[in-house]
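In full-length UniProt numbering, the protein residues as written are 1 to 213.
See structure below.
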């Protein structure tokens with residue numbers, strides 16, 4: 001959603017209130033599709049998934065609770081925040097909405113800032129979750145590069161000390177890492193312990209020299 005306008009589906013059957021909310025949301029730079037009842041909104045939602053849904057609770061044909069339960073049956077709407085607007089809601093009904101999974105609700109009459117802040121808070125929370133769940137596209141590359149650099153460094157040291165007895169103590173000192181870390185890295189790269197790796201490297205180097213004669 002970075003650098004993109006937030007898309008909101010608004011469901012409100014009261015024409016006056018709906019017009020006011022629509023104008024308010026547009027003034028705050030949101031993209032809004034306004035529907036007068038739940039069934040009308042549901043037809044639209046089957047074609048397009050918004051960033052957030054704001055719905056009145058009491059409406060003809062399909063109320064806000066029914067709409068919420070219908071769309072939550074489809075997994076593609078699971079991550080879409082849902083806010084209910086209502087004039088009167090009994091405690092039991094209120095708790096039922098929250099238990100169902102509604103993200104928030106706002107009581108009529110409400111102030112402009114209250115609605116905007118609730119929308120932004122829900123959207124910001126969603127963004128943060130998505131950011132944490134999204135894999136860093138550069139993380140694997142970085143890891144692979146660092147492992148490659150490490151092995152290159154090990155091989156350079158071995159190459160310069162072919163005629164001497166280089167062991168795990170000498171390598172760990174030259175690489176400025178602990179012996180256990182060195183051994184783990186070598187095992188991860190080659191499935192061999194450090195002694196086996198050094199021996200194999202020297203043998204491989206000797207074979208290459210012999211072939212080149």
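Note that the Cβ used here is the ideal one computed from N, Cα and C, for glycine as well.
With 16 as the cutoff for other CB atoms within 10 Å, does residue i come out buried or exposed?
i, result
"residue 35", "buried"
"residue 29", "exposed"
"residue 107", "exposed"
"residue 50", "buried"
"residue 57", "buried"
"residue 45", "buried"
"residue 117", "exposed"
"residue 86", "buried"
My guess is that residue i and residue j are in contact by the Cβ rule of under 8 Å, so how many angstroms apart are they, rounded?
i, j, result
"residue 37", "residue 13", "6 Å"
"residue 183", "residue 193", "6 Å"
"residue 72", "residue 42", "About 12 Å separates the two Cβ atoms, so there is no contact after all."
Cβ of residue i less than 8 Å from any chain B Cβ?
i, result
"residue 19", "The chain inventory of the structure shown lacks chain B, comprising one protein chain alone."
Identify, in the order they occur along the chain, each residue of the same chain with its Cβ nearer than 6 Å to the Cβ of residue i, setting aside the five sequence neighbours on each side.
i, result
"residue 82", "53, 68, 102 and 103"
Only counting the same chain, and skipping five residues up and downstream in sequence, which positions put a Cβ closer than 8 Å to that of residue i?
i, result
"residue 155", "201"
"residue 145", "Interpretation of residue 145 is limited by its pLDDT of 42, a score under 50 that renders its predicted location unreliable; no figure is taken from the coordinates."
Could you pull out every residue in the same chain whose Cβ sits closer than 7 Å to the Cβ of residue i, ignoring the five residues on either side in sequence?
i, result
"residue 185", "150"
"residue 147", "189"
"residue 84", "55, 57, 64, 97, 102 and 105"
"residue 32", "8, 10, 22, 25 and 26"
"residue 61", "37, 38 and 39"
Q: Count the C-beta pairs between the region 89-105 and the region 62-69 that are closer than 8 Å, then say yes if the count reaches three, no if not.
A: Three or more Cβ pairs drawn from the region 89-105 and the region 62-69 lie within less than 8 Å of each other, which places the two stretches in contact.
**Q.** Every unbroken beta strand (DSSP E) within the region 27-88, with a cutoff of 3 residues, ordered by chain
**A.** Qualifying beta strand (DSSP E) stretches, in chain order: 31-35, 52-56 and 82-86.
Q: Taking 8 Å as the threshold, find out whether the region 123-131 comes into contact with the region 155-175 through three or more Cβ pairs.
A: Taking 8 Å as the limit for Cβ pairs, the verdict is that the region 155-175 does not touch the region 123-131.
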